[in-house]
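Colleague: Next up is a structure, given as structure tokens.
Protein chains: 2
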Amino acid sequence: MADKNLIKHALNVTRTQNFAGWYQEVISEGDLAEESGVRGCMVIRPWGYGIWERIQKLMDAEIKAAGVDNCYFPLFIPLSFFEKEADHVDGFAKEMAVVTHHRLVGDGKGKLIPDPESKLEEPLVVRPTSETVIGAAMSRWVQSWRDLPLMVNQWANVVRWEMRTRMFLRTSEFLWQEGHTAHVDREDALKETMRALEMYRAFAEGPLAMPVVAGEKPENERFPGAVATYSIEAMMQDGKALQAGTSHYLGTGFAESSGIRYQDKEGSQQYAHTTSWGVSTRLIGGVIMTHGDDDGLRCPPQIAPHQIIIIPMLRDNDDDEVVLEYCRTLRTELLALSAFGEPLRVLLDTKATKASNKRWSWVKKGAPIIVEVGPRDVSEGKAAVLRRDRLYKDDGKLATAFTPRAEFVSGAVAMIEDIQATLYAEAKARMDANIRRDVTDLATHFAGDEAGFAGWVEVQWARPTGAALDKIVEQLKALKLTMRNSPLEAAAVDGACFFTGEPAVERILIGRTY
Amino acid sequence: MADKNLIKHALNVTRTQNFAGWYQEVISEGDLAEESGVRGCMVIRPWGYGIWERIQKLMDAEIKAAGVDNCYFPLFIPLSFFEKEADHVDGFAKEMAVVTHHRLVGDGKGKLIPDPESKLEEPLVVRPTSETVIGAAMSRWVQSWRDLPLMVNQWANVVRWEMRTRMFLRTSEFLWQEGHTAHVDREDALKETMRALEMYRAFAEGPLAMPVVAGEKPENERFPGAVATYSIEAMMQDGKALQAGTSHYLGTGFAESSGIRYQDKEGSQQYAHTTSWGVSTRLIGGVIMTHGDDDGLRCPPQIAPHQIIIIPMLRDNDDDEVVLEYCRTLRTELLALSAFGEPLRVLLDTKATKASNKRWSWVKKGAPIIVEVGPRDVSEGKAAVLRRDRLYKDDGKLATAFTPRAEFVSGAVAMIEDIQATLYAEAKARMDANIRRDVTDLATHFAGDEAGFAGWVEVQWARPTGAALDKIVEQLKALKLTMRNSPLEAAAVDGACFFTGEPAVERILIGRTY
Ligand SMILES: [Zn+2]
Ligand SMILES: [Zn+2]
């Protein structure tokens, strides 16, 4: 394997050199997104947006299958909604985009300004979440136990003014789905909270091939107002955690502040128990940092906008039409096949660019299978097949396999499925290998983290609250660490709390985070 | 048919009594949308949003099939982009939502205010369209003729501050798609302009069952900066026109202001020729005013979120399980069928409400077929089938057909297709009957329009420009009339201009409009 050091990779920065720089390079070289000129807002380019469309399509089917209805709520939220929600208005300070005027006019000096005469009586906030407006709608829609459960979801853009942004991971504007549900009682609401969490876990580990740990967030990391917050946490290749989805059980607190009440079967008024849950374009950042390598993204086939790219090697001569015809036939044969319950997505790339440029462009984008066809392949009835997950041979050369066409076609579905499984298995092995359960001193363990990819540490703890919890959070913060979640599937406890020495009640993961 | 006057319709307002009031009632009683509390912004409820999802799904497939890539561009546009675009900044005055601050804080007196310290150096405008940011992106993405055509589309929310709003038709925030394409020359750009127009025409007349006239807008109705603007115009049941989609050929003007240049095959720099085209949630308003009747919406099957509703008549006794089982089997049989190339969409409505309430709720929503099943239907192997497009018999009673189950199932696809065709044929006949070509005096013809549904008038004209055109526009405006478009498929001209008496060069439609 030593030869691999000689490989001239497609990106200029490797993961070990500079993980953050590598991440940006995958995004720009893979045509996933770019800066828009408006700080913190990105342009999501076709390949990046195609991945989001795949995520939306597959997740939306799960959401609908659970009986949740999609709706659309307004972009703007009156400022007064936040006053109602804020516990202490005077201490309130939140980063949000505030609309104060409704007209632009010339100022008479060649510049445009917000027309002072168009100042809004009540400023409008660009939604950071639709919690409050959906709560207000639910209070109108829910009257009787017959109206419950009420389960709605929205796919939308939201804005949280961020000072330090990073594409897909933390942007001022991002795309997400937010599910909001109301139920007759705690049991039914908790069931929905856990259904959504399990939907996210299965989605991450299925279509995204991204192993995660599903668990409950500690009290200090709960969504404000939630009785319990659950998350899926994924391990990036630098060992940091990415919170990739959350599901909250809100008890009756949210229903009380929003007025979501119903008449029960006995005729008395009750507050509904509510939940909310969401994932965002952040998932794309997670996919990049889970599967990317030094040649760019490796896109899991289930969410790849195109799974197989066919590149005709054209020479501007008489052979070209024969090559194109061969490629078209190959594409037709492949389109008749299905993987993961959907027809294969196959692109014949006829752009007027050199074939080798196209190949590297698709390598950087992470198309799962890249097939090149030249006149010689046509005469031999073959195709040059490159699997993106196994790009190089041990000697450092491209692992292109010259395969008889019929053999490639008959094996294409298995290859697609194998790439999906391989990406998951690789990431799963890495995550499992980097969760340590024997660490006794966090400072020492994480000291070398800049270079060493220290991963996560799982400890047993007594789940302290109040001041005792605050103290732990502060200690961790000094080490740039946070508690991620208490895994639902952790082993039973058998010892003392890592922090307090009291009898432990559960296990919890600790790590650095995005 | 006299008995029909005795029908007690599901809505409180009829179309003839008060068309505008009827429209609002269809929307509220059909659970399509409601006011949000933020002026001009609506909440789109599940049934309304489900229709939009159907529109998106079918249209998006057409857009992708044309080789157009979906992207996502930022919600916020810097104010300076509008300064660049404005011809004369000093006369500029446009209704737009302007973000001026990025933080809310308590003012110390129990209120929240935009933090004065968070004032943005450059205000941001909430996109009224993404024209300018997409132009800026295209100028980065286009270098060579090899990069053309560059065709992108975005599904997004946009905001145009409106003083007078009407749900779906004119709202401050609405949902739309905007296609933007760049081409090497006029010919290619015009081809794309016409492809998009034809896509819209076929979409309106196909899935929406809404007949339209495709044609070119007169000069005074062109999109600012466009060389030519084309539209599809639909006739509402009050005879007014609804511009339901537009496609613009922008020449090189937009490329010049955005800097979209490419190196041609000979090595010299050229400006690209660009197009843009869009449709919005306004289409839903068009569907309501084309197909609605005094019992609510009649939703064309192709865009109905559910095409067949099965309502079990439950009595809270031992028969219930038998009825439910029969309904589930019926649903399974129907789900195995396809219409318009997609599996039937069938809902078994098990909500705990009276069956007759459910029936009327689905009538008002416009579900194409409503099936009720009671214990007696089960024992007779039948189902009570109601077609939404033919609700009443001549005697004014509901036209429920007690049909053997197997017969209903085997005829379901044909019934779905027939409803789609019937809705189109009805609307088409109405539009055709209400385009008059013999009108000599517009004032007289449109005088009785408040009651008489005067429809449109087609005239021949000389296509004057400048002052001569202005004069015609003013004359029409005094009669509350506008020119809609010059139909692409109009008959040849054979006379003088209706306005100027000069030889006519084309025909043009005149009418009242939304
Ligand atoms: Zn939420
Ligand atoms: Zn546009």
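Chain order of the listed sequences is A and B. The first sequence begins at 1 in the UniProt record's numbering and counts up one residue at a time. The second sequence begins at 1 in the UniProt record's numbering and counts up one residue at a time. Just so you know, even glycine gets a beta-carbon here, dropped at the ideal spot from N, CA and C.
(1) Does DSSP put residue 358 (chain A) in a helix, a strand or coil?
(2) Where do the N-terminal and C-terminal ends of the beta strand (DSSP E) with residue 278 (chain B) fall, by residue?
(3) Could you list which residues in chain A have their beta carbon closer than 8 Å to that of residue 273 (chain B), in chain order?
(4) Cβ closer than 7 Å: which chain A residues qualify as neighbours of residue 49 (chain B)?
(5) So what's residue 149 (chain B) in DSSP terms, helix, strand or just coil?
(6) When the Cβ atoms of the stretch 13-28 of chain A are set against those of the stretch 375-382 of chain A, are three or more pairs found closer than 8 Å?
(7) Would you verify that the beta carbon of residue 297 (chain B) is, or is not, closer than 9 Å to some beta carbon of chain A?
(8) Which residues in chain A sit within 8 Å of residue 59 (chain B), going by Cβ to Cβ distance?
(9) What does residue 78 (chain A) touch in chain B if you count any residue whose Cβ is under 8 Å from its own?
(10) Does residue 52 (chain B) have its Cβ less than 9 Å from a Cβ in chain A?
(11) State yes or no: is the C-beta of residue 315 (chain A) nearer than 8 Å to some heavy atom of ligand 4?
(12) Buried or exposed: where does residue 1 (chain A) fall if 16 or more other Cβ atoms within 10 Å of its Cβ makes it buried?
(13) With a 10 Å radius around its C-beta and 16 neighbouring C-beta atoms as the bar for buried, classify residue 402 (chain B) as buried or exposed.
(14) Rounded to whole angstroms, what's the CA-CA distance from residue 56 (chain A) to residue 287 (chain A)? Just pull it up for me.
(15) Along the stretch 150-162 of chain A, what residues have a CB closer than 8 Å to any CB found in chain B?
(16) Excluding five sequence neighbours on each side, which residues of the same chain lie with their C-beta closer than 8 Å to the C-beta of residue 360 (chain B)?
(17) Does residue 183 (chain B) come within less than 9 Å of chain A when only Cβ atoms are used?
(18) Give me the Cβ distance between residue 233 (chain B) and residue 226 (chain B), rounded to the nearest whole Å; I'm assuming they're in contact under 8 Å.
(19) Ignoring anything shorter than 4 residues or poking outside the stretch 51-119 of chain A, list the alpha helix (DSSP H) runs there in chain order.
(20) Measuring alpha carbon to alpha carbon, tell me which of A:373, A:494, A:483, A:46 ends up nearest residue 154 (chain B).
(21) Residues in the stretch 91-103 of chain A with C-beta within 7 Å of chain B's C-beta atoms, listed in sequence order?
(22) Would residue 351 (chain B) pass as an interface residue toward chain A - the criterion being a Cβ-Cβ separation below 9 Å?
(23) For chain A, check one thing: does any of its Cβ atoms lie closer than 9 Å to the Cβ of residue 513 (chain B)?
(24) Can you tell me which residues form a DSSP beta bridge with residue 231 (chain A)?
(25) Going by the DSSP bridge assignment, what does residue 125 (chain A) pair with across the sheet?
(26) Mind the definition here: the stretch 96-110 of chain A touches the stretch 89-96 of chain B only if three or more C-beta pairs lie below 8 Å; say whether that holds.
(27) Between the beta-carbon of residue 295 (chain B) and the beta-carbon of residue 364 (chain B), is there less than 9 Å?
(28) Which residues, taken in chain order from the stretch 216-249 of chain B, show a beta carbon closer than 8 Å to some beta carbon of chain A?
(29) If contact means a Cβ-Cβ distance below 7 Å, which residues of the stretch 298-316 of chain A contact chain B?
(30) Can you confirm whether the stretch 67-86 of chain A touches the stretch 33-49 of chain B when touching is taken to mean that 3 or more C-beta pairs between the two stretches lie within less than 8 Å?
(31) Please confirm if residue 125 (chain B) has its CB atom under 9 Å from at least one CB of chain A.
(32) What residues are listed by DSSP as bridge partners for residue 372 (chain B)?
(33) Please list the partners that residue 106 (chain B) has in chain A, where partner means a Cβ-to-Cβ separation under 7 Å.
(34) When the Cα of residue 249 (chain A) is compared with those of A:180, A:110, A:18, which residue comes out closest?
(35) What is the residue span of the beta strand (DSSP E) that residue 344 (chain A) lies within?
(36) So, does the CB of residue 112 (chain B) fall closer than 9 Å to a CB anywhere in chain A?
Modeller: The answer reads as follows:
(1) Your numbering for residue 358 (chain A) matches position 358 in the first sequence. The DSSP-derived three-state label of residue 358 (chain A) is helix.
(2) Position 278 of the second sequence, counting from 1, holds the residue named residue 278 (chain B). Note, residue 278 (chain B): beta strand (DSSP E), 273-280.
(3) As a working note, residue 273 (chain B) is residue 273 in the second sequence. The premise fails here: residue 273 (chain B) is roughly 18 Å from chain A at the closest Cβ pair, so nothing lies under 8 Å.
(4) Your numbering for residue 49 (chain B) matches position 49 in the second sequence. Counting only Cβ-Cβ distances below 7 Å, residue 49 (chain B) has contacts in chain A at 70, 71, 72, in chain order.
(5) Along the second sequence, read from residue 1 onward, the residue named residue 149 (chain B) stands at position 149. Secondary structure at residue 149 (chain B): coil, using DSSP grouped into helix, strand and coil.
(6) Taking a cut-off of 8 Å on C-beta distances, the stretch 13-28 of chain A does not touch the stretch 375-382 of chain A, as fewer than three cross pairs fall below it.
(7) Against the second sequence, residue 297 (chain B) aligns to sequence position 297. Answer no: the Cβ-Cβ gap between residue 297 (chain B) and chain A never drops below 9 Å.
(8) By 1-based counting over the second sequence, the position of residue 59 (chain B) is 59. Per Cβ cutoff of 8 Å: no residues; residue 59 (chain B) is ~14 Å from chain A at best.
(9) Indexing the first sequence from 1 puts residue 78 (chain A) at position 78. Contacts between residue 78 (chain A) and chain B, judged by CB atoms closer than 8 Å, involve 37, 38 in chain order.
(10) Locating residue 52 (chain B) in the second sequence gives position 52, where the first residue counts as 1. It does: the Cβ of residue 52 (chain B) has a partner Cβ on chain A nearer than 9 Å.
(11) Of the ligands one can find in the structure shown, namely ligand 1 and ligand 2, none is ligand 4.
(12) Looking up residue 1 (chain A) in the first sequence gives position 1. Residue placement at residue 1 (chain A) is poorly supported in this model, since its pLDDT is 39, which falls under 50; the coordinates are not used for a value here.
(13) Here residue 402 (chain B) corresponds to residue number 402 of the second sequence, with the count starting at 1. Counting Cβ neighbours within 10 Å, residue 402 (chain B) comes out exposed, since fewer than 16 surround it.
(14) Position 56 of the first sequence, counting from 1, holds the residue named residue 56 (chain A). Position 287 of the first sequence, counting from 1, holds the residue named residue 287 (chain A). Using only the alpha carbons, I get a separation of about 15 Å.
(15) For the stretch 150-162 of chain A, which is checked against every Cβ of chain B, the residues closer than 8 Å are 152, 156, 157, 159, 161.
(16) In the second sequence, counting from the first residue as 1, residue 360 (chain B) sits at position 360. A distance below 8 Å between beta-carbons, with the five flanking residues on each side excluded, links residue 360 (chain B) to the following residues of its chain, in chain order: 10.
(17) For this step, residue 183 (chain B) is matched to residue 183 along the second sequence. By this cut-off, residue 183 (chain B) is not an interface position.
(18) By one-based count along the second sequence, residue 233 (chain B) stands at place 233. By one-based count along the second sequence, residue 226 (chain B) stands at place 226. About 17 Å separates the two Cβ atoms, so there is no contact after all.
(19) Note on the stretch 51-119 of chain A: whole alpha helix (DSSP H) runs with a minimum of 4 residues are 79-85, in chain order.
(20) For this step, residue 154 (chain B) is matched to residue 154 along the second sequence. It is A:46.
(21) Listed by position along the chain: 91, 92, 93, 94, 95, 96, 97, 98, 99, 100, 101, 102, 103.
(22) Locating residue 351 (chain B) in the second sequence gives position 351, where the first residue counts as 1. At least one chain A Cβ lies under 9 Å of residue 351 (chain B).
(23) Within the second sequence, residue 513 (chain B) is the residue found at index 513, counting from 1. So no, residue 513 (chain B) is outside the interface.
(24) What you label residue 231 (chain A) is simply residue 231 of the first sequence in a count that begins at 1. Its beta-bridge partners are A:215, A:246.
(25) Counting from one through the first sequence, the residue named residue 125 (chain A) turns up at place 125. Looking at the DSSP assignment, residue 125 (chain A) forms a beta bridge with A:77, A:98.
(26) The stretch 96-110 of chain A vs the stretch 89-96 of chain B: in contact.
(27) Reading the second sequence from its first residue, position 295 is the one you call residue 295 (chain B). Reading the second sequence from its first residue, position 364 is the one you call residue 364 (chain B). Contact: yes.
(28) Against chain A - using a Cβ distance shorter than 8 Å - the stretch 216-249 of chain B contributes no residues.
(29) From the stretch 298-316 of chain A, no residue has a Cβ closer than 7 Å to chain B.
(30) The way I'd put it, the stretch 33-49 of chain B does touch the stretch 67-86 of chain A; three or more beta-carbon pairs between them come closer than 8 Å.
(31) Here residue 125 (chain B) refers to the residue found at position 125 when the second sequence is read from its first residue. So yes, residue 125 (chain B) belongs to the interface.
(32) Within the second sequence, residue 372 (chain B) is the residue found at index 372, counting from 1. B:311, B:384, per the DSSP bridge assignment.
(33) If you number the second sequence from 1, residue 106 (chain B) lands on position 106. Per Cβ cutoff of 7 Å: 89, 90, 91, 92.
(34) Stepping through the first sequence from its first residue, residue 249 (chain A) is reached at position 249. It is A:180.
(35) Residue numbering aside, residue 344 (chain A) sits at position 344 when the first sequence is read from its first letter. No beta strand (DSSP E) contains residue 344 (chain A), which DSSP labels as neither H nor E.
(36) Residue mapping note: residue 112 (chain B) aligns to position 112 of the second sequence, counting from 1. It does: the Cβ of residue 112 (chain B) has a partner Cβ on chain A nearer than 9 Å.
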